[in-house]
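Student: Quick one: the structure is below, questions incoming.
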Amino acid sequence: MTQKPRQEEPAVLKDGVEYEEVTHDDQVIGRAFRASLVVIGVGLAAGGGIYWWTHRAQALAPVQVVTPEAPKTIQHDVQLPEVRFRDVTAAAGITFAHQNGAEGDKLLPETMGGGSAFFDLEGDGDVDLLLVNSCNWPESQRGDKPTQALYTNDGRGQFTNATAESGLGASFYGMGAACADADSDGDTDVFFTAVGPNHLFVNEGGRFSEHSDELAGAADAWSTCATFFDADSDGDLDLYVGNYVHWSRAIDLEVNFTLSGIGRAYGPPTTFEGSQPYFYANQGDGHFLEVSKEAGLHVVNPATGVPVGKALGARANDPDMDGDLDLMIANDTVANFFYRNKGAGSFEERAREFGLAFDKSGLSTGAMGIDAAWFRNDNTIAYAIGNFANEMSSFYVSQGRADLWADEAIGTGIGAPTRKYLKFGTLFLDYDLDGRLDYLQANGHLESEISQVQASQTYQQPAQLFWNAGNEVKRTFVEVGADASGDLSRPIVGRGCSTADIDGDGDLDVLLTQSGGKPVLLQNEQALGHHWLRVRLSAKGKNHAAIGARVELFVNGVKQCQDAVPFKSYLSQCEATLTFGLGAATKADKLVVTWPDGAHQELAAVAADRVLDVRQE
0 MTQKPRQEEP AVLKDGVEYE EVTHDDQVIG RAFRASLVVI GVGLAAGGGI YWWTHRAQAL
60 APVQVVTPEA PKTIQHDVQL PEVRFRDVTA AAGITFAHQN GAEGDKLLPE TMGGGSAFFD
120 LEGDGDVDLL LVNSCNWPES QRGDKPTQAL YTNDGRGQFT NATAESGLGA SFYGMGAACA
180 DADSDGDTDV FFTAVGPNHL FVNEGGRFSE HSDELAGAAD AWSTCATFFD ADSDGDLDLY
240 VGNYVHWSRA IDLEVNFTLS GIGRAYGPPT TFEGSQPYFY ANQGDGHFLE VSKEAGLHVV
300 NPATGVPVGK ALGARANDPD MDGDLDLMIA NDTVANFFYR NKGAGSFEER AREFGLAFDK
360 SGLSTGAMGI DAAWFRNDNT IAYAIGNFAN EMSSFYVSQG RADLWADEAI GTGIGAPTRK
420 YLKFGTLFLD YDLDGRLDYL QANGHLESEI SQVQASQTYQ QPAQLFWNAG NEVKRTFVEV
480 GADASGDLSR PIVGRGCSTA DIDGDGDLDV LLTQSGGKPV LLQNEQALGH HWLRVRLSAK
540 GKNHAAIGAR VELFVNGVKQ CQDAVPFKSY LSQCEATLTF GLGAATKADK LVVTWPDGAH
600 QELAAVAADR VLDVRQE
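Take the sequence shown: its position 288, counted from the start at 1, is 287 in numbering that gives the first Met the number 0, and no numbers get skipped.
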């Protein structure tokens with residue numbers, strides 16, 4: 000029931016309508032005049048807002064206003080380690096440059112590519128490098144033919160272009176890569192995701208031949224992230240492939256995104272429908288069967304039946320420690336997915352219930368890359384996800400149990416410093432070898448002229464490195480300033496980031512990829528005197544690289560934990576060998592391996608500063 004306003008004068012009827020009779024003195028007239036101005040102002044503002052909305056330029060993503068109440072950067076009185084990274088790309092022999100096919104049509108895939116993978120091609124212990132390329136569009140008149148690239152490493156950080164003799168010099172619109180023993184024959188194969196069919200290259204003694212039929216997917220699909228893991232605990236490696244949006248050149252041109260003052264621009268994924276992933280169950284004989292729907296990986300909008308997912312990042316791990324690897328998926332502009340593995344390769348999507356679907360305000364984010372880690376040296380796990388510009392990176396932390404998570408980006412020190420940038424690759428690594436996992440992210444915008452319409456944004460952006468200060472600052476991260484990280488902070492159009500010890504000195508070097516540009520190989524020049532241990536696993540059976548194993552390292556009563564899952568970041572893969580920092584300790588008290596089949600193996604009093612080959616007993 001609507002309550003009438005209090006009346007101070009008797010009401011009268013005029014033409015059957017009840018009015019309040021008042022005296023029209025100057026004071027009342029003044030109040031009425033001022034009220035009229037307010038009403039007119041509101042009307043003008045509303046009209047202007049409607050005009051702006053209907054005539055606005057298409058933006059790259061929903062406009063996000065950074066309010067004065069935005070969290071401020073947390074200041075800490077701690078001494079950061081002196082570690083610099085030096086660009087050695089050219090000196091190391093890497094001449095590759097990513098080609099995205101851009102010729103002015105501003106097609107969305109041109110902004111997204113640039114994956115890479117560190118893997119041991121020859122099994123000699125030296126980490127080699129695969130760089131994923133895109134290509135010219137079919138409508139192009141260009142005569143060049145960009146290809147994928149393979150560089151072999153001599154063990155000291157010098158690379159040789161081995162593309163021609165490897166058989167990997169194929170030309171297609173590549174996005175990312177995942178390298179693993181797909182056919183269980185003892186060597187590493189290469190799987191590429193792409194706009195269009197995906198590609199599997201089987202390793203045949205150091206030279207690759209394409210066998211893509213079963214893993215190609217749809218000819219009109221757009222695949223992004225990929226991860227091999229044993230989903231059904233049968234000993235061989237299955238394959239998850241994330242698909243982005245339902246895209247075509249015709250749709251992109253018809254939508255015709257524009258930016259005021261620029262014209263045609265790269266548009267957001269919000270107008271495009273989502274896509275279902277692929278999930279290929281390994282049949283044990285080198286063949287695969289696509290069973291994504293049967294495995295419970297299809298998610299649709301219940302009102303429309305349209306696929307929801309827009310996957311850009313995938314991370315397989317085991318946060319509930321039940322022995323089955325689960326899947327966390329970073330989705331762009333829609334809810335993230337968390338697929339809990341129920342066993343035997345059957346999944347259920349639980350992100351909303353667990354607190355992993357949205358940011359702390361209950362909103363979906365422009366999620367790109369992803370990684371996971373035990374960053375506190377206890378049983379607490381975090382998922383770090385790089386988001387769009389004017390959104391903080393997400394930092395979901397388990398709350399004492401595997402089915403309850405909270406976004407602690409602000410409290411851990413990640414939130415405020417990451418808000419400005421457009422984030423892609425995210426990665427945990429112990430860059431200073433002090434025994435705590437630090438955090439790295441690659442940044443770069445989509446639109447080369449973005450600064451003309453958003454003064455706070457630039458096309459090239461610096462990567463960000465955060466030092467894990469541990470208990471000194473209540474377990475928060477501290478951003479390493481540009482003056483302290485060397486060439487790592489040089490602005491680039493960053494996409495993927497990955498790590499490997501390219502020169503055999505025990506610390507982790509970094510590779511950053513660019514869209515439409517050269518990769519940046521950064522040598523870690525730390526000289527802190529910290530000790531280290533690198534662990535290389537070899538398991539029984541078909542999963543000989545022990546993908547999914549867990550390694551716990553105990554040093555002076557502190558437990559470090561890492562999982563052997565190299566597929567992470569954004570369209571990228573890190574080396575399979577795990578690097579642990581020991582700080583001042585010269586040995587580890589104990590090392591415990593939980594193998595993918597659930598078996599445990601323990602080693603005591605492990606000496607530092609060496610690569611430890613652990614073979615399953």
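Here a beta-carbon is modelled for each residue, glycine too, at the ideal position from N, C-alpha and C.
Closest to VAL82 by C-alpha separation, out of GLN522, GLN513, LEU324 and ASN386, would be which residue?
Tutor: When only C-alpha atoms are compared, the closest one is GLN522.
Student: Does the separation of the CB atoms of ALA441 and LEU511 fall below 8 Å?
Tutor: Yes. Within cutoff.
Student: Should the region 128–146 be regarded as contacting the region 99–117, the criterion being three or more beta carbon pairs within less than 8 Å?
Tutor: Counting Cβ pairs under 8 Å, three or more are found: they touch.
Student: Which parts of the region 537–592 are runs of the beta strand (DSSP E), unbroken and 3 residues or longer, counting only runs that do not cross its ends?
Tutor: DSSP runs (the beta strand (DSSP E)) wholly in the region 537–592: 549–554, 557–562 and 577–582.
Student: Take PRO416 and list the residues in its own chain whose beta-carbon comes closer than 8 Å to its own, dropping the five residues that flank it on each side.
Tutor: Excluding sequence neighbours, PRO416 sits near THR72, GLN463, PHE465 and GLU478.
Student: Beta-carbon within less than 6 Å of ASP562's beta-carbon, same chain only, minus the 5 sequence neighbours each way: which residues are those?
Tutor: Correct list, in chain order: ASN316 and ARG549.
Student: Roughly how many whole angstroms lie between the Cα atoms of ASP86 and GLY195?
Tutor: ASP86 and GLY195: Cα-Cα distance of roughly 34 Å.
Student: Distance check for GLY540 and ALA454, CA to CA, integer angstroms please.
Tutor: Each residue's alpha carbon lies about 56 Å from the other.
Student: What are the start and end residues of each continuous beta strand (DSSP E) run of 3 or more residues lying completely inside the region 129–181, in chain order?
Tutor: Listed in chain order, they are 148–152, 158–160 and 173–179.
Student: Could you check where the beta strand (DSSP E) with GLU478 kicks off and where it finishes?
Tutor: GLU478 -> beta strand (DSSP E) spans 476–478.
Student: Pop quiz: ALA371 and ARG435 are said to be a contact at Cβ under 8 Å. What is the actual Cβ separation, rounded to whole angstroms?
Tutor: Actually they do not touch by this definition, with Cβ atoms about 16 Å apart.
Student: Tell me whether LEU432 is buried or exposed, calling it buried when 16 or more other Cβ atoms sit within 10 Å of its Cβ.
Tutor: Buried, because 16 or more other Cβ atoms sit within 10 Å of the Cβ of LEU432.
Student: Tell whether a beta-carbon distance below 8 Å holds between VAL298 and VAL305.
Tutor: Against a cut-off of 8 Å, the Cβ pair of VAL305 and VAL298 comes out as no contact.
Student: Got a sec: is the Cβ-Cβ distance from VAL610 to anything in chain E below 8 Å?
Tutor: This model lacks chain E altogether, as it is built from one protein chain only.
Student: Where do the ends of the alpha helix (DSSP H) carrying PHE353 lie?
Tutor: Its alpha helix (DSSP H) spans residues 350–353.
Student: In the DSSP output, what is LYS292 paired with across the bridge?
Tutor: DSSP, once it has assigned bridges, lists no residue as partnering LYS292.
Student: So, with DSSP's three-state summary, where would you put ASP188?
Tutor: Strand at ASP188.
Student: Looking at the structure shown, is ARG400 part of a helix, part of a strand, or coil, going by DSSP?
Tutor: Looking at ARG400 - three-state DSSP - the assignment turns out to be coil, as it is neither helix nor strand.
Student: Kindly confirm or deny that the region 401–409 and the region 480–490 touch, where touching means at least three C-beta pairs closer than 8 Å.
Tutor: Taking 8 Å as the limit for Cβ pairs, the verdict is that the region 480–490 does not touch the region 401–409.
Student: Work out the CA separation of THR578 and ALA499 for me, nearest whole Å.
Tutor: Those two C-alpha atoms are separated by around 9 Å.
Student: May I ask you to report which of helix, strand or coil DSSP gives LEU106?
Tutor: In this structure, LEU106 counts as coil in the three-state DSSP scheme.
Student: Give a yes or no on whether the C-beta atoms belonging to TYR420 and ALA383 are separated by under 8 Å.
Tutor: Not in contact: TYR420 and ALA383 (Cβ atoms no closer than 8 Å).
Student: Go through its chain and collect everything with a Cβ distance to GLY365's Cβ below 7 Å, but skip five positions before and after it.
Tutor: Excluding positions up to five away in sequence, the list reads ALA60, ASP331, THR332, ASN386, PHE387 and GLU390.
Student: Measure the C-alpha to C-alpha separation of GLU213 and LEU326 and round it to an integer number of angstroms.
Tutor: One C-alpha to the other measures close to 22 Å.
Student: Ends of the beta strand (DSSP E) at ALA101?
Tutor: First-last for ALA101: undefined, no H or E at that position.
Student: Distance check for TYR430 and HIS599, CA to CA, integer angstroms please.
Tutor: C-alpha separation (whole angstroms): 28 Å.
Student: Do you know whose CA, among GLY528, ILE449 and SER571, lies nearest TYR265's CA?
Tutor: Looking at the Cα atoms, ILE449 is the closest of the given residues.
Student: Are there 16 or more other CB atoms within 10 angstroms of the CB of SER247, so buried, or fewer, so exposed?
Tutor: Classification for SER247: exposed.
Student: Go through its chain and collect everything with a Cβ distance to GLY154's Cβ below 6 Å, but skip five positions before and after it.
Tutor: Within the same chain, GLY154 has close Cβ partners ASP125 and GLY503.
Student: Check GLY469 in the structure and name its three-state DSSP category.
Tutor: If DSSP states are grouped into helix, strand and coil, GLY469 belongs with the helices.
Student: Buried or exposed for GLU138, going by 16 or more other Cβ atoms inside 10 Å?
Tutor: The residue in question, GLU138, is exposed, as its Cβ has fewer than 16 Cβ neighbours within 10 Å.
Student: Could you check where the alpha helix (DSSP H) with ALA371 kicks off and where it finishes?
Tutor: Taken as a continuous stretch (DSSP letters only), ALA371 belongs to no alpha helix (DSSP H), being part of the beta strand (DSSP E) at 369–372.
Student: Can you tell me the Cα-Cα spacing of PHE476 and TRP136, whole angstroms?
Tutor: Answer to the nearest angstrom: the Cα atoms are 43 Å apart.
Student: Roughly how many angstroms separate the alpha carbons of ARG489 and GLY443, rounded to a whole number?
Tutor: If I take the Cα positions, the gap works out to 11 Å.
Student: Pick out whichever of PHE423, PHE553 and ARG400 has its Cα sitting closest to the Cα of GLY112.
Tutor: Among PHE423, PHE553 and ARG400, the Cα nearest to that of GLY112 is on PHE423.
Student: Measure the beta-carbon distance from ASN99 to SER133 and round it to whole angstroms, keeping in mind my assumption that it falls under 8 Å.
Tutor: The pair is a contact, with the Cβ atoms about 5 Å apart (cut-off 8 Å).
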